[in-house]
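The sequence shown begins at 39 in this note's numbering and counts up one residue at a time. Scroll down for the structure; my scribbles are underneath it.
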Amino acid sequence: MKTPGFTLVELLVVIAIIGMLVGLLLPAVQQAREAARQMQCNNHLKQMALACLNHEAIAGKYPTGGWDVAFMGDPDRGFGKKQPGNWTYSILPFMEQNALYQMGLGESESVRKTQALERQKTPLPFFYCPSRRPPVTYPLYGGSTMACKSDYANNTGIYSCGGALKYYANISTLAQGDAMTDAQWLETPGGGQLDLTGVIYRRSETSVAAVYDGTTNTYLFGEKAMCADSYNINTDAADSRGSYQPGCVSSWRHTNNLLPFQDRGGYGTGACGFGSVHSGTFGMAMCDGSAQRISYSIDKESHYRLGNRKDGMPVSLP
């Protein structure tokens, strides 16, 4: 009587079929995981946008863009243009992070600075895109100091990265900043004035009423583009500063003459554009608190208009 079993040929055929099935299923599993991560990223945008709206309801304005690279959040200075910290610092109380926001409250300026440096080492998951990198500390641009990061950046509207601010390198203390006029803060080396047409920018105090083109038609903040080789190191100027300090111009994003793009290796970002690691679309939070997926194929004119809150030419998202 013949003993039942597999021949070698039959076994090889079964193995080949299993291999084919795994090969077919693996991309589907990876695609499902990426879809889940993109949904989580969009949820981050949504939650932070709602925090910005709560900030506007309490303070009468969206969170400010802060001062410049030398300054971090100061709990004694409240909201608005007197607050040197940027929007990611100002929304902390509305993201159930009031204890982090208040570190150093009522202390001397030197103690507040020390506490701000400690705060900078506390990464929060909602500032990170899960498809790009985990919520841990990373080295700051061009150095070895470890700090938390943010994968999202504010919309300044019209801005030229080459248009340096005249007093950019001359402000190192709170007293110096307080002594400057509004015009000086936005003065260029040639004596002109920057007209930032977005919503969150240097010392901004933008209210919902000031978004003349409509809150559903105007970017508030969104995912920032980066070089894919630089997520975990300190070589991309687009990643120059952490979440709780304003950063320099490279922390801002504008929409004039710069289309969004997907992260890719070997390509410098120029530190000024929106984009993301996701394929097909990048995420933007709108001034009405919604989170939208925008196609990389958006035309330049529409992208520019969505970043301008007051040009009288609103663009509706499809």
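All residues carry an ideal CB built from backbone N, CA and C; glycine is no exception. Note that the structure is predicted; figures quoted are calculated from it, not measured.
- For the set F320, E72 and A263, the Cα lying nearest the Cα of G303 is the one of A263.
- Cβ contact annotation for G181 (same chain, cutoff 7 angstroms, sequence separation greater than five): N272, in chain order.
- Note that the C-beta distance between R347 and G236 is below 8 angstroms.
- Per DSSP, T152 is not a residue of any beta strand (DSSP E); the alpha helix (DSSP H) it occupies stretches across E147 to R157.
- For the pair E94 and S245, the CB atoms are nearer than the 8 angstroms cut-off.
- Your pair P122 and F109 checks out as a contact, with CB atoms roughly 3 angstroms apart and the cut at 8 angstroms.
- The C-beta separation of G313 from D251 comes to about 23 angstroms, leaving the pair out of contact by the 8 angstroms criterion.
- Per DSSP, P173 has no beta-bridge partner at all.
- By the Cβ criterion, the segment 221-239 is not in contact with the segment 134-154, since fewer than three pairs of Cβ atoms, one from each stretch, lie closer than 8 angstroms.
- DSSP places T194 in the strand class (E or B) of the three-state scheme.
- Sequence-distant partners of R170 (beyond 5 residues in either direction) whose C-beta falls short of 7 angstroms from its own C-beta, in its chain, are D189, Y269 and V315.
- Collapsing the DSSP output to three states places Y139 in a helix.
- By the Cβ neighbour-count rule, A54 is exposed, with fewer than 16 other Cβ atoms within 10 Å of its own.
- The continuous alpha helix (DSSP H) containing R343 extends over residues K338 to L344.
- For I55, the three-state secondary structure derived from DSSP is helix.
- With fewer than 16 other Cβ atoms inside 10 Å of its own Cβ, M58 counts as exposed.
- Counting only the Cα atoms, S335 lies some 9 angstroms from F299.
- F164 places its beta carbon 8 angstroms or farther from that of M218.
- Listed in chain order, the non-local C-beta contacts of S128 below 7 angstroms within the same chain comprise H93, P101, T102, F117 and Q121, local neighbours out to five positions each way being set aside.
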